[in-house]
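Below: one structure, written as structure tokens.
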Amino acid sequence: MELEAAKMIGAGLAAIALAGAGVGIGLIFGNYLSGAMRNPSAAAKQFPNLLLGFALAEATGLFGLVVALIILFAF
Amino acid sequence: MASNPMHQFEVYRIGPEIKLGTVNLSFTNPSMFMLISAITILLLLFLGTRKKLAIPSKMQFITESSYAFIAKMINDTAGSGARPFFPFIFTLFMFVLFCNMIGMLPYSFTVTSHIIVTFVLAAFIFIAVTIIGFIKHGIKYLQLFVPKGVPVVLLPLIIVIEIISYLSRPVSLSVRLFANMMAGHTMLKVFGGFVISLGLLGGWLPLGFSVALTGLEILVAFLQAYVFAILTCIYLNDALNLHH
């Protein structure tokens with residue numbers, strides 16, 4: 001296989017990381033919502049933790065993007 | 076392709092070339108935008124605290140609420156022992172926030188979308204936290220790598236994992252901010268390119284997406300500055316309050 005083609009396929013495969021990030025973000029917001037419905041008085045206090053979890057989960061997907069960019073441009 | 080979405084991250088020289096031996100110290104567009112962010116922060120804080128009114132003006136309100144926001148965050152995550160580090164974390168938060176936000180203006184440059192900028196910030200935090208931990212606890216700081224209540228059989232494995240996770244902190248901290256900013260700005264430019272290539276008839280859909288993404292990016296710009304600051308507080312908490 002051509003090296004160029006293999007690079008493209010590898011970069012595309014690295015985008016699979018986004019599936020995990022999607023599951024993670026969904027879990028965080030879903031669980032926050034169900035927790036907030038059960039105990040609305042505690043919801044506001046946990047909002048910073050929600051944002052923290054969202055940002056951490058989103059970043060893992062972006063690591064996949066960094067891998068894709070390294071494959072495409074650094075080699 | 077109409078234009079390269081990576082073109083926005085190009086670093087070029089402004090003004091004369093300054094060389095110190097083999098090191099290139101020229102004034103570039105990242106340096107200019109760092110200077111702009113620093114001046115904006117200084118102006119905001121200076122004008123906000125010039126007239127101290129009991130009923131604050133808008134400027135004074137922004138200044139005071141940003142102060143209170145960071146002070147509360149440090150108190151909640153790192154305890155009252157981290158109070159002396161308030162100026163450092165406040166500076167860090169404001170610098171990252173303003174670099175991200177000024178990068179959202181069209182035709183400007185996002186300083187934090189370059190990994191070297193974020194890595195220097197993260198490496199500084201990592202080294203500082205390690206030194207603070209050793210100053211405060213001496214050699215006992217190494218207890219950080221030995222979690223409580225772990226069976227002795229598992230300890231050799233756990234210690235190795237803990238050390239690797241400790242050493243990967245600066246990498247994950249810097250790559251998180253850099254990847255978020257770079258991915259967001261690339262995505263905005265790719266959708267902008269769709270508007271041009273689809274023309275007057277089909278270009279409205281990507282234009283709408285572009286507007287929505289700009290809103291999301293402003294949220295991400297704030298969120299990443301917040302996460303950067305709060306993770307610094309969490310690392311500081313590890314160094315100051317060993318095993319609580």
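Residue numbers (my numbering), protein chains in the order written: chain A, 1 to 75; chain B, 76 to 319. Positions of the beta carbon are idealized from the N, C-alpha and C atoms, including for glycine.
Neighbour flag for residue i against chain A, beta carbons, 8 Å
{"i": "A153/B", "result": "no"}
{"i": "R88/B", "result": "no"}
{"i": "I305/B", "result": "yes"}
{"i": "V334/B", "result": "An answer regarding residue 334/B cannot be provided, because it is not within the stretch 76 to 319 covered by chain B."}
{"i": "F84/B", "result": "no"}
{"i": "V195/B", "result": "no"}
{"i": "V302/B", "result": "yes"}
{"i": "A77/B", "result": "The predicted position of A77/B is uncertain, since its pLDDT is 48 and thus under 50; a value taken from the coordinates is nonetheless stated next. No, because no Cβ of chain A sits closer than 8 Å to the Cβ of A77/B."}
{"i": "R251/B", "result": "yes"}
{"i": "A258/B", "result": "yes"}
In DSSP terms, what residue i is bridged to
{"i": "R88/B", "result": "T103/B"}
{"i": "V186/B", "result": "Looking at the DSSP assignment, V186/B forms no beta bridge with any residue, so it has no partner."}
{"i": "V270/B", "result": "Note: V270/B sits in no beta bridge, so no partner."}
{"i": "K94/B", "result": "N99/B"}
Test: residue i CB closer than 8 Å to a CB of chain B
{"i": "V66/A", "result": "yes"}
{"i": "F75/A", "result": "no"}
{"i": "F63/A", "result": "yes"}
{"i": "I71/A", "result": "no"}
{"i": "A15/A", "result": "no"}
{"i": "L51/A", "result": "yes"}
{"i": "A59/A", "result": "yes"}
{"i": "A21/A", "result": "no"}
{"i": "A44/A", "result": "no"}
{"i": "A55/A", "result": "yes"}
Residue i: CB within 7 Å of a non-hydrogen atom of the ligand SAH
{"i": "Y142/B", "result": "Ligands are entirely absent from the displayed structure, and the ligand SAH is therefore not among its contents."}
Top-ranked residue by Cα proximity to residue i, from the options
{"i": "P159/B", "options": "Q83/B, K133/B and I145/B", "result": "I145/B"}
{"i": "F194/B", "options": "N99/B, P245/B and A300/B", "result": "P245/B"}
{"i": "T60/A", "options": "H260/B, T97/B, A254/B and M262/B", "result": "A254/B"}
{"i": "P162/B", "options": "L229/B, Q299/B and M148/B", "result": "M148/B"}
{"i": "A15/A", "options": "V66/A, F73/A, A74/A and F75/A", "result": "V66/A"}
{"i": "T138/B", "options": "E292/B, R125/B, L120/B and D151/B", "result": "L120/B"}
{"i": "A287/B", "options": "L306/B, F297/B, I271/B and F266/B", "result": "F266/B"}
{"i": "T103/B", "options": "S247/B, L252/B, V186/B and F209/B", "result": "V186/B"}
{"i": "A258/B", "options": "E292/B, I114/B and K215/B", "result": "E292/B"}
{"i": "E85/B", "options": "F168/B, I239/B, M179/B and S188/B", "result": "S188/B"}
{"i": "S106/B", "options": "I191/B, Y142/B, P80/B and F269/B", "result": "I191/B"}
{"i": "F201/B", "options": "P222/B, M81/B, T307/B and N316/B", "result": "T307/B"}
{"i": "V171/B", "options": "I130/B, K126/B, S249/B and V204/B", "result": "S249/B"}
For residue j and residue i, believed in contact at Cβ under 8 Å, the rounded distance
{"i": "S112/B", "j": "F199/B", "result": "Rounded, the Cβ-Cβ distance is 17 Å, inconsistent with contact."}
{"i": "Q135/B", "j": "G123/B", "result": "5 Å"}
{"i": "L298/B", "j": "A55/A", "result": "5 Å"}
{"i": "L196/B", "j": "L232/B", "result": "No, L196/B and L232/B are not in contact; Cβ-Cβ is about 32 Å, not under 8 Å."}
{"i": "M81/B", "j": "T289/B", "result": "About 19 Å separates the two Cβ atoms, so there is no contact after all."}
Mind pulling the alpha helix (DSSP H) runs of 4 or more residues that sit fully within the stretch 110–185 of chain B? 133–153 and 161–178
Curious, which full-length alpha helix (DSSP H) runs of at least 4 residues does the stretch 188–239 of chain B contain? Listed in chain order, they are 190–212.
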